[in-house]
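> A single structure is presented below for examination.
Written out as structure tokens, the structure is:
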């Protein structure tokens, strides 16, 4: 969905509170603001930034954003991340679409308009350029990224279990008080769980 270029429309997303499906697991240092929807069992690790100030961000069920991941967008393009996606430390997702059961390697960057097909792997430090379409089941690597090969069935089948392991880890951290369950407004008040 494209937004109007009218300046008022640019700030509409910033007026929204994040919404989520219970439970989600959030490190105390993670920042989530604007028109964000988080699916159940999403887990956000230390220093993650999910900033939907110009458009919307949707993150699917069971997805994990590891330490220092940044998810942002443009006024013209939202950012959509599918279910059971693993996004490695320091990666940047900007105004792109990442489909279900993808592994985004550490410090990889996916730029505006790019689409990463389901059950793919984006290698560490890869740069997926604007508007690139990665076919489902692909391994992409490099700067700029290119499709290196198709993933094996074994590799594709390993992607969802990887995300499930992070859900288990997040639950353990939450039980010990190291992660919150849900979001608050900084003053300890819950901001928008979808019921």
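Residue numbers (my numbering): 250 to 444. Idealized CB from N, CA, C, for every residue including glycine.
Suppose only complete runs of 4+ residues qualify. What are the alpha helix (DSSP H) ranges in the region 299 to 382, listed by chain order?
The qualifying runs do not exist here; there are none.
> According to DSSP, what are the bridge partners of residue 404?
Position 155 of the chain shown, counted from the start, is the residue given in the question as residue 404. Residue 404 pairs with nothing; no bridge assigned.
> Who are the Cβ neighbours of residue 391 in its own chain at under 7 Å, not counting the five residues just before and after it?
Residue numbering aside, residue 391 sits at position 142 when the chain shown is read from its first letter. 375, listed in sequence order.
> Taking 6 Å as the cut-off, is the beta-carbon of residue 339 closer than that to any non-hydrogen atom of the ligand SAH?
No copy of the ligand SAH appears in this structure; indeed no ligand is present at all.
> Report yes if the C-beta distance between residue 369 and residue 387 is below 7 Å; otherwise report no.
One-based indexing of the chain shown puts residue 369 at position 120. One-based indexing of the chain shown puts residue 387 at position 138. Their beta carbons are under 7 Å apart, which means residue 369 touches residue 387 by this criterion.
> Buried or exposed: where does residue 421 fall if 16 or more other Cβ atoms within 10 Å of its Cβ makes it buried?
Position 172 of the chain shown, counted from the first residue, corresponds to residue 421. By the neighbour-count rule (16 or more Cβ atoms within 10 Å), residue 421 is not buried but exposed.
> Please confirm whether residue 372 and residue 384 have their CB atoms less than 7 Å apart.
Walking along the chain shown from the start, residue 372 turns up at place 123. Walking along the chain shown from the start, residue 384 turns up at place 135. Taking 7 Å as the Cβ cut-off, residue 372 and residue 384 do not qualify as a contacting pair.
> Is residue 345 closer than 7 Å to residue 363 when the C-beta atoms are compared?
As a first step, residue 363 is located in the chain shown; it is residue number 114 there, counting from the start. As a first step, residue 345 is located in the chain shown; it is residue number 96 there, counting from the start. Yes, these two residues count as a Cβ contact at 7 Å.
> Taking the beta strand (DSSP E) that residue 279 belongs to, which residues open and close that run?
Your numbering for residue 279 matches position 30 in the chain shown. From DSSP, residue 279 is part of no beta strand (DSSP E); its letter is neither H nor E.
> Determine which residues share a DSSP beta bridge with residue 396 and list them.
Indexing the chain shown from 1 puts residue 396 at position 147. Per DSSP, 389.
> Between which residues of its own chain and residue 298 is the CB-CB distance below 6 Å, once the five residues before and five after are set aside?
Here the question's residue 298 lines up with position 49 in the chain shown. Counting only Cβ-Cβ distances below 6 Å, and skipping sequence neighbours, we find 280, 319.
> Pop quiz: residue 322 and residue 308 are said to be a contact at Cβ under 8 Å. What is the actual Cβ separation, rounded to whole angstroms?
Here the question's residue 322 lines up with position 73 in the chain shown. Here the question's residue 308 lines up with position 59 in the chain shown. Residue 322 to residue 308, Cβ: 12 Å. No contact.
> Compute the Euclidean distance between the alpha carbons of residue 278 and residue 432, then round it to the nearest angstrom.
As a working mapping, residue 278 is identified with position 29 in the chain shown. As a working mapping, residue 432 is identified with position 183 in the chain shown. Distance between the alpha carbons of residue 278 and residue 432: 11 Å.
> Would residue 403 be called buried (16 or more neighbouring beta carbons within 10 Å of its own) or exposed?
Numbered from its first residue, the chain shown carries residue 403 at position 154. That one is exposed.
> Taking the alpha-carbon of residue 342 as reference, which of 399, 378, 311 has the nearest alpha-carbon?
Looking up residue 342 in the chain shown gives position 93. It is 378.
> Take residue 393 and list the residues in its own chain whose beta-carbon comes closer than 6 Å to its own, dropping the five residues that flank it on each side.
Taking the chain shown and counting its residues from 1, the one referred to as residue 393 is at position 144. Only 376, 378 meet the Cβ criterion.
> Measure from the alpha carbon of residue 411 to the alpha carbon of each residue in 312, 266, 328, 339, then state which is nearest.
Walking along the chain shown from the start, residue 411 turns up at place 162. Checking every option, the nearest Cα to that of residue 411 belongs to 312.
> So, using beta-carbon positions, are residue 267 and residue 285 closer together than 7 Å?
By 1-based counting over the chain shown, the position of residue 267 is 18. By 1-based counting over the chain shown, the position of residue 285 is 36. Yes, the pair counts as a contact, with Cβ atoms nearer than the cut-off.
> From what residue to what residue does the beta strand (DSSP E) around residue 427 run?
Your numbering for residue 427 matches position 178 in the chain shown. Careful: residue 427 lies outside any beta strand (DSSP E) and carries neither H nor E.
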